[in-house]
Amino acid sequence: MSMKSVCRIGWVVLAVVLAVGAVAQAPLHQRINEAIGLYRSGQVAEAVAQLERLVQEAPENPDVLQWLGFLYLKTDRAREAIPHFEKARSIVPKSVELLNNLGSAYLAVGELDKALEVYQTAVGIKADFFDAWYNIGNIYREKQDMESAVQAYRKALAIQPDDPYCNNNLGVALSAQGKHADAVPHFRKAVEARPNNVTFQKNAGLALLRGTNPAAALPFLEAANRLEPGEPDVVVGLAQIYLAQGERAKARAMLQEAVQSHPGQAILWYNLGVLHDREGDPASAIQAYQRALDIEPGDVDALTNLGLAYYKTGRFEEAESTFRKVLGLAPDSISARVNLAATLLKVGKLPEAIDIWRGILHQYPRRNDVRLSLANALYQTGDYAGARYHYNQLLLANANHSDAMTGLGSLAYRDGDMAQAESWFRKAIAADSKNAIAHN
936 MSMKSVCRIG WVVLAVVLAV GAVAQAPLHQ RINEAIGLYR SGQVAEAVAQ
986 LERLVQEAPE NPDVLQWLGF LYLKTDRARE AIPHFEKARS IVPKSVELLN
1036 NLGSAYLAVG ELDKALEVYQ TAVGIKADFF DAWYNIGNIY REKQDMESAV
1086 QAYRKALAIQ PDDPYCNNNL GVALSAQGKH ADAVPHFRKA VEARPNNVTF
1136 QKNAGLALLR GTNPAAALPF LEAANRLEPG EPDVVVGLAQ IYLAQGERAK
1186 ARAMLQEAVQ SHPGQAILWY NLGVLHDREG DPASAIQAYQ RALDIEPGDV
1236 DALTNLGLAY YKTGRFEEAE STFRKVLGLA PDSISARVNL AATLLKVGKL
1286 PEAIDIWRGI LHQYPRRNDV RLSLANALYQ TGDYAGARYH YNQLLLANAN
1336 HSDAMTGLGS LAYRDGDMAQ AESWFRKAIA ADSKNAIAHN
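By my numbering, the letter at position 273 of the sequence shown is numbered 1208, and the numbering carries on one by one without gaps.
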């Protein structure tokens, strides 16, 4: 489940140009003011056209350059705005309003490094420039430098403590560092200022859900769901809370309603599959996982759970095929190798399963569950010496390992040493009274 930041890239409206200066310049100032008047009266296209004419007449005039750049920026023509802002900057390099608008233009076209340099210059001139600090935080967050983002957002909030967008984005940056408890107060502030903002409600809920007080997430996630019914992350979060509260039917109904209204959301089908699995309905789980994989075929978690559901229902060939897909996508996954080996055992492909178990033990010699599977498989294939070695290794790790004692008892029984076999079986039962094989 992902949190959302809010990128409020703002530009600063320039001051109205005053008709001052030499008499020869009066007509130019007058026409600039006329263009500004057109903009303020809603005639933006006409204002742009007039400024485009003026920039041909006065290509070095910073007011014309800034206003034309500003109107280009406002009309989603950021790339055209940039050269005008850059030229104006060369003439008036310490105008923080100009720097802010140039930074906004760079952000709009994805030039993060250039935008960062401009905003940093702006705060060097005006240390209490909120918009610049806020956008510096956004840039660092986009670059995944969360600590620098946090520092910038904190400087912005020192200037405007109640800004909901900055509070939200600081919360997102803190949560990205795993500091969910630190993030919560900032998300709460954002919600208090904008209670009808679904992003703020959702982020507050998710931070609480991931922290130490998931029950407190409920009112925020329910509010988010009222504002935007069926939003996948919100639905999944609510389902988790309802399950934790024992309201399984409510969780199921919510997920089933959500997949009907948002059938293209793999996360909803996946979590519906998980719920069916928990309810002991692997057949329905299989259908849900398959729907999730129709949308996101490479989802390793959905493939893994589908393979396990096939395994539970005795569909071992399909489980084998599914686990091979998982291993193809995640070749270093130990769980994928363990699952495939267990399935190969069921379909009678013991030599390949043995190779997989040996490979795992070579990397992780303390995986006693894998060692037991390997020992049992070696016994089945007639490698009794190998089986004995691994049963003994299990006992070295755990002197009361009932299954290892059972294996050694079986080896003694096979060798005709009934007294030794009985001794091992009795030890196995003493270690685990429910060991049915040893009882037999």
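Note that the Cβ used here is the ideal one computed from N, Cα and C, for glycine as well.
message: In chain order, what are the residue ranges of uninterrupted alpha helix (DSSP H) at least 4 long that sit wholly in the segment 1207-1280?
response: 1217-1230, 1235-1247, 1251-1264
query: Do you know offhand how far A1152's Cα is from L1141's?
result: Each residue's Cα considered, the two are about 7 Å apart.
field: Buried or exposed by the 16-neighbour rule on C-beta atoms within 10 Å, applied to A1371
entry: exposed
- prompt: Which full runs of the beta strand (DSSP E) of 3+ residues lie inside the segment 958-1018, going along the chain?
  reply: The beta strand (DSSP E) runs of length 3 or more contained entirely in the segment 958-1018 do not exist; there are none.
- request: Determine the direct distance from the alpha carbon of N1160 to that of V1169, and round the result to whole angstroms.
  value: 6 Å
Cβ neighbour criterion (16 or more within 10 Å) applied to R1272: Per the 10 Å Cβ criterion, buried.
task: Compare the C-alpha of D1098 against each of S1345, L1307, V1126, G1181 and name the closest.
output: V1126
- prompt: Between which two residues does the alpha helix (DSSP H) carrying K1090 extend?
  reply: Where K1090 is concerned, the enclosing alpha helix (DSSP H) stretches over 1081-1094.
task: Using alpha carbons as the reference points, say which of A1332, K1078, R1323 lies closest to E1046.
output: K1078
query: Does any residue of chain D bring its CB to less than 7 Å from the CB of R1259?
result: Within the model displayed, chain D is absent; a lone protein chain is all it includes.
field: G1344 beta carbon less than 7 Å from that of A1332
entry: no
- prompt: Where do the ends of the alpha helix (DSSP H) carrying F1122 lie?
  reply: 1115-1128
For T1134, the three-state DSSP class (helix, strand or coil): Note: T1134 maps to helix in three-state DSSP.
- prompt: Among G1321, P1300, Y1326, I1295, which has the Cα closest to the Cα of L1307?
  reply: Minimum Cα-Cα distance from L1307 among the listed residues G1321, P1300, Y1326, I1295 corresponds to Y1326.
field: Own chain partners of A1023 with C-beta closer than 6 Å, once the 5 adjacent residues on each side are dropped
entry: P997, L1000, Q1001, L1033
message: Determine whether the beta carbon atoms of A1363 and S1337 lie at a separation below 7 Å.
response: yes
message: Below 8 Å on the Cβ atoms is my contact criterion, and I expect A1322 with L1280 to pass it. Report the Cβ-Cβ distance as a whole number of Å.
response: Contact doesn't hold; Cβ gap of about 14 Å is too wide.
query: Straight-line CA distance for G1233 to D1212?
result: 20 Å
field: CA nearest to the CA of S1270, picked from Q1328, G1317, F1155, I1291
entry: I1291
message: So, under 8 Å CB-CB, M1081 and Q1112 are touching, yes? Tell me the CB distance rounded to an integer number of Å.
response: 5 Å
message: Applying the 10 Å Cβ sphere with the 16-neighbour rule, what's the burial state of Y1177?
response: buried
message: What does the alpha-carbon distance come out to for the pair A1223 and S1268?
response: 24 Å
query: Does DSSP put Q1112 in a helix, in a strand, or in coil?
result: coil
- prompt: If we ignore side chains and look at the alpha-carbon of each, how far apart do A970 and E1163 end up?
  reply: 41 Å
- request: Assign A959 to buried or exposed, taking buried as 16 or more other Cβ atoms, counted over all protein chains shown, within 10 Å of its Cβ.
  value: Its pLDDT being 41, under 50, A959 is placed unreliably by the model, and the measurement read from it follows with that caveat. A959 comes out exposed.
task: Measure from the alpha carbon of A1201 to the alpha carbon of each residue in R1014, I1074, G1165, then state which is nearest.
output: With distances taken between Cα atoms, A1201 lies closest to G1165.
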